[in-house]
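Asker:
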Amino acid sequence: MLRSIALWLEERLNITKVFEATAGHKVPPSTNSWFYVFGSGTLICFVIQIITGICLAFVYVPSTDQAWTSLQYLNHQQFLGWFLRAVHNWGSNFMVGIMTLHLVQTFLFGAYKYPRELTWLSGCVLFLCTLGMAFTGQIMRFDQDAYWGLGIGASIMGRMPFIGADLVRVVLAGPIIAGETLSRFFTLHVFVIPGLIIAIVSMHLRLVLNKGINEYPKPGVLVNKETYVEQYEEHIHKEGVPFVPNVIGKDLIFGGCLILAICACAFYFGPAGPTGPPNPTLIRALPKPDFYFLPIFASLALLPDYMETFLLLVAPVIGIAVLFLVPFVSGTGEKSYRRRPIAVLTVLVAFLALGLLAWLGTYSPWSPKMDAWSSKPIPLEFLKGRSPLQLEGALLIQSKQCHNCHSLGGEGGMRGPALDVVATRLTRDQLIRQVIQGGGNMPAYGKNLKPAEVDALVSFMESLRPNYQPGAHDFSR
Amino acid sequence: MMVANEEKAASVSRRNLLVKAGIALNAIAGALIGIPILGFVVSGLKGRSQKDTWISLGSISQFPEGETRMAVYRNPYTRPWDGDTAQIPCWVRHIEGSKFQVFAINCTHLGCPVRWFPGSHLFMCPCHGGAFYEDGTRASGPPPRGLYEYKYKVEDGALSVMGGHLPTLADPLSSRNTPCGQPCPESPASNKGLIKIDGDSRPC
């Protein structure tokens with residue numbers, strides 16, 4: 221009976237044919253490898269994002285005056301709202317992470333080479349779309365960080381020559397961050413970019429079926445445009461195995477672990493934010509992006525200002541162009557990473573740089589600690605045995621907010637050098653000059669300090685040479 | 178045979194006509210739908226023609242001489258669902274008498290909110306470490322110029338500023354060319370569209 225129903229359906233739907241052309245298509249047996257699971261992993265993340273996103277949209281209100289409240293409602297009152305928000309957030313983190321692994325793997329395995337250039341290009345566009353989803357998603361979490369994040373985005377746009385002012389108004393949907401801004405980003409996050417992703421993923425998968433999946437590269441086997449396709453087809457014909465059921469096992473295991481990991485992170489860490497309400501008058505905000513944008517955040521603080529605008533506007537274009545041009549610059553030849561040291565080195569340097577910048581971004585040493593002057597007292601060891609004048613100077617370190625940028629005993633800002641042993645580096649005259657005139661990255665305090673205050677401050681700093689280390693000496697005297 | 182060919186030719190030319198007429202019809206219909214859609218989408222650009230307006234910050238008695246305080250105004254281009262985002266803060270520095278400086282909250286580096294520290298007489302930015310002196314000039318860090326300064330006027334004991342848009346390097350506020358602390362003439366040269374890099378050369 222069941223068999224006859226199945227046959228009836230098969231006669232009309234041709235499921236066997238569809239299966240053979242898609243899930244059951246033949247792949248090189250060498251692709252049955254743990255390195256080939258990241259593409260399907262990314263797709264799983266995307267499906268999770270779509271499902272949780274649709275569920276969140278049942279409750280979320282994309283309006284500037286209600287969005288934050290609806291997020292609080294989702295977190296605290298909606299049944300399992302917190303869990304869905306957390307899964308959506310961790311799903312996005314994992315999607316960016318796994319997609320990056322997929323990019324690196326296809327790069328190192330030479331999968332972008334002839335005849336799979338278009339697969340690579342569509343993948344790059346998908347990567348950019350995903351980053352677009354990540355940025356617009358942060359705006360959906362409409363809190364202080366989102367508000368000032370929009371300000372940062374607009375300020376970057378405002379550096380564009382000629383069209384900067386217009387561009388800002390297009391991005392913000394008006395002259396200032398207000399009602400229509402969030403609606404605009406909601407439309408991008410929920411309709412435009414996901415639509416693009418679905419369309420391009422279809423093309424990406426179609427290309428994988430058309431051109432076949434990249435075989436596990438063997439060192440010394442070179443890609444030649446004349447012979448490659450023929451050889452590949454012969455290889456598939458002779459040794460190819462159907463993707464389902466022969467190869468899908470590892471994808472299934474990885475996908476399952478991935479979903480479990482997302483659920484575990486969501487369950488353990490909970491949803492992200494929202495932080496304070498998006499009220500611009502609450503300026504005690506420390507705006508910071510999610511981790512994948514921390515490298516950009518950090519480089520914005522560290523770039524020399526004369527090249528900043530240029531790099532902000534031109535470097536991304538160059539970076540994307542390089543990514544797009546990879547298959548056209550080295551479309552043939554060696555595929556194996558074992559014989560492509562420059563490719564391996566490029567990946568290592570890129571990850572070192574991004575990792576370092578992200579790590580710096582987590583504690584942003586370039587920013588003053590805004591409340592150090594009132595919340596971080598000077599440790600006792602720096603005050604013991606000081607004269608009244610020196611103690612007055614220590615008080616000024618706090619009241620003049622020196623502590624926001626200079627640390628003492630490891631507490632305080634890291635914008636300027638630590639003051640723990642400052643007297644061994646600078647003489648009294650140099651200290652006075654530095655305080656009054658500023659210099660380097662330090663503002664001048666001349667207008668803001670009375671001579672007696674400078675005297676007290678410098679007297680205190682002169683005492684900062686622990687363990688009887690000799691003070692700095694001016695040898696010209 | 179001839180008849181069949183003629184019939185075929187006639188039907189082909191009729192089909193051609195139908196295809197051409199169909200394309201033309203759809204082009205017209207597409208334009209009828211497409212042009213309003215395009216107009217709707219680019220209407221964000223209309224914001225360009227929304228000029229800044231005078232906004233009252235209230236009585237000058239709220240701003241003691243020699244001090245810098247935050248003032249909040251309601252963004253003149255509001256939507257009914259703006260909520261708190263329409264509350265725009267700014268820093269008012271009362272120098273003396275009717276001499277003021279009113280600074281935008283946004284750092285000139287990337288728009289983060291600068292905070293005033295009365296102890297050190299500095300504005301500090303939490304994002305990338307920019308700092309500004311009390312007169313708005315750049316003190317240190319990555320900002321390419323001094324703080325954006327509103328054009329202001331004092332009338333009947335009330336302080337008003339000219340505002341309404343998010344200041345950026347391409348479109349700063351409009352009182353940049355006046356010496357600090359001086360009330361602005363009614364229509365100063367706007368430096369819209371120019372990226373000014375020298376923020377420290379004001380005659381203060």
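These protein sequence lines map, in sequence, to chains A and B. Residue numbering for the first sequence follows the numbering used here, starting at 221 and increasing by one per position. Residue numbering for the second sequence follows the numbering used here, starting at 178 and increasing by one per position. Every residue, glycine too, gets a C-beta built ideally from N, C-alpha and C.
Nearest by alpha-carbon distance to A/ILE562: which of A/LEU531, A/GLY330, A/ALA592 and A/PHE680 is it?
Answerer: Residue A/GLY330 is the option with its Cα nearest to A/ILE562.
Asker: DSSP beta-bridge partners for B/GLN264?
Answerer: Bridge partners of B/GLN264: B/ARG251.
Asker: Determine the burial state of A/TYR526: buried for a count of at least 16 other Cβ atoms within 10 Å of its Cβ, exposed for fewer.
Answerer: A/TYR526 is exposed by the Cβ-count criterion.
Asker: Name the residue from A/CYS477, A/TYR367, A/LEU616 and A/MET380 whose alpha carbon lies nearest to the alpha carbon of B/GLY296.
Answerer: Looking at the Cα atoms, A/LEU616 is the closest of the given residues.
Asker: Taking the DSSP output, what are the residues bridged to B/ILE273?
Answerer: The amino acid at residue 273 of chain B is misidentified as Ile; the sequence shows Glu. For B/GLU273, which the question treats as bridged, DSSP gives the partners B/LYS276.
Asker: Name the chain A residues whose beta carbon is nearer than 8 Å to that of B/PHE240?
Answerer: Residues of chain A passing the Cβ test: none, with the nearest at roughly 16 Å.
Asker: So with Cβ pairs under 8 Å, would you call A/ASN668 a contact of chain B?
Answerer: Chain B contact via Cβ: present.
Asker: Please decide whether A/TYR367 counts as near chain B, where near means a Cβ-Cβ distance under 8 Å.
Answerer: Chain B contact via Cβ: present.
Asker: Quick check on B/SER275 - is its C-beta less than 8 Å from some C-beta in chain A?
Answerer: False, the Cβ-Cβ gap to chain A never drops below 8 Å.
Asker: Enumerate in chain order the residues of its own chain whose CB-to-CB distance from A/PHE544 is below 7 Å, with the five nearest sequence positions on each side excluded.
Answerer: Once the five neighbours on either side are set aside, the close Cβ partners of A/PHE544 are LEU341 and CYS344.
Asker: Between the beta-carbon of B/TYR310 and the beta-carbon of B/VAL279, is there less than 8 Å?
Answerer: In this structure, B/VAL279 does not lie closer than 8 Å to B/TYR310 by Cβ.
Asker: When you compare the segment 612-626 of chain A with the segment 588-599 of chain A, are there three or more beta-carbon pairs, one atom per stretch, that lie closer than 8 Å?
Answerer: Taking 8 Å as the limit for Cβ pairs, the verdict is that the segment 588-599 of chain A does touch the segment 612-626 of chain A.
Asker: Express the C-alpha separation of A/SER683 and A/GLN689 in angstroms, rounding to a whole number.
Answerer: Looking at the two C-alpha atoms, the distance is approximately 10 Å.
Asker: Could you work out which residues of chain B lie near A/MET380, taking near to mean beta carbons separated by less than 8 Å?
Answerer: Within chain B, the residues near A/MET380 are ALA347.
Asker: Within 10 angstroms of its Cβ, does B/ARG353 collect 16 or more other Cβ (buried), or is it exposed?
Answerer: Any answer about B/ARG353 is weak, because its pLDDT of 47 lies below 50 and its placement is not dependable; what the coordinates show is given next. B/ARG353 is buried by the Cβ-count criterion.
Asker: Between which two residues does the beta strand (DSSP E) harbouring B/TRP258 extend?
Answerer: No beta strand (DSSP E) contains B/TRP258, which DSSP labels as neither H nor E.
Asker: In chain order, what residues of the same chain lie with their CB nearer than 7 Å to the CB of A/PRO509, ignoring the 5 residues before and after it?
Answerer: Cβ neighbours of A/PRO509 beyond the five flanking positions: GLN358, GLY369 and PHE517.
Asker: Mark B/ALA204 as exposed unless 16 or more other C-beta atoms lie within 10 angstroms of its C-beta, in which case mark it buried.
Answerer: By the 10 Å Cβ count, B/ALA204 comes out exposed.
Asker: Is the Cβ of B/PHE280 closer than 8 Å to any Cβ of chain A?
Answerer: Output row for B/PHE280: interface = no.
Asker: Using the Cα positions of B/ARG256 and A/GLN286, report the straight-line distance between them to the nearest angstrom.
Answerer: One C-alpha to the other measures close to 13 Å.
Asker: Give the residues of chain B in contact with A/ALA374, contact being defined as C-beta atoms less than 7 Å apart.
Answerer: Residues of chain B passing the Cβ test: GLY288, LEU343 and THR345.
Asker: Does B/MET339 get closer than 8 Å to chain A when you measure Cβ to Cβ?
Answerer: Judged by the 8 Å Cβ criterion, B/MET339 is not in contact with chain A.
Asker: Just mark B/PRO356 as buried or exposed, buried being the case when its beta carbon has 16 or more other beta carbons within 10 Å.
Answerer: The pLDDT assigned to B/PRO356 is 45, lower than 50, so where the model puts this residue is not dependable; a value taken from the coordinates is nonetheless given after this. Its Cβ having fewer than 16 others within 10 Å, B/PRO356 is exposed.
Asker: Counting contacts by CB-CB distance shorter than 8 Å, is B/LEU350 in contact with chain A?
Answerer: Not closer than 8 Å to any Cβ of chain A, the Cβ of B/LEU350 fails to qualify, so no.
Asker: Can you tell me whether A/PHE299 is buried or exposed? The criterion is at least 16 other CB atoms within 10 Å of its CB, across all chains shown.
Answerer: Classification of A/PHE299: exposed, given that the 10 Å Cβ count is below 16.
Asker: How many whole angstroms separate the CB atoms of A/SER519 and A/LEU577, which I take to be in contact at a CB cut-off of 8 Å?
Answerer: The pair is a contact, with the Cβ atoms about 6 Å apart (cut-off 8 Å).
Asker: In angstroms, rounded to a whole number, what distance separates the CA positions of A/CYS622 and A/TYR367?
Answerer: Those two C-alpha atoms are separated by around 29 Å.
Asker: For chain A, check one thing: does any of its Cβ atoms lie closer than 8 Å to the Cβ of B/GLY306?
Answerer: Judged by the 8 Å Cβ criterion, B/GLY306 is in contact with chain A.
Asker: Can you tell me which of B/GLY199, B/ALA208 and B/CYS289 puts its alpha carbon nearest to the alpha carbon of A/ALA374?
Answerer: The shortest Cα separation from A/ALA374 among B/GLY199, B/ALA208 and B/CYS289 belongs to B/CYS289.
Asker: Who are the neighbours of A/THR284 on chain B, taking C-beta pairs under 7 Å?
Answerer: Neighbours of A/THR284 on chain B, chain order: TRP258, ASP259, GLY260 and THR262.
Asker: Tell me which same chain residues have a C-beta within less than 6 Å of the C-beta of A/GLU631, skipping the five on either side of it?
Answerer: Within the same chain, A/GLU631 has close Cβ partners LYS596.
Asker: Between B/ALA263 and A/VAL388, which are expected to be in contact by the criterion C-beta below 8 Å, what is the C-beta distance as a whole number of angstroms?
Answerer: Their Cβ separation, rounded to whole angstroms, is 18 Å, which puts B/ALA263 and A/VAL388 out of contact at 8 Å.
Asker: Using a Cβ cut-off of 7 Å, which residues of the segment 288-302 of chain B contact any Cβ in chain A, in chain order?
Answerer: Listed by position, the residues of the segment 288-302 of chain B near chain A (Cβ gap below 7 Å) are GLY288, CYS289, PRO290, ARG292, PHE294, GLY296, SER297, HIS298, LEU299 and MET301.
Asker: If you draw a straight line from the alpha carbon of A/PHE548 to that of A/LEU321, how long is it in whole angstroms?
Answerer: About 22 Å.
Asker: Examine chain B for any beta-carbon lying closer than 8 Å to the beta-carbon of A/MET527, and answer yes or no.
Answerer: Output row for A/MET527: interface = no.
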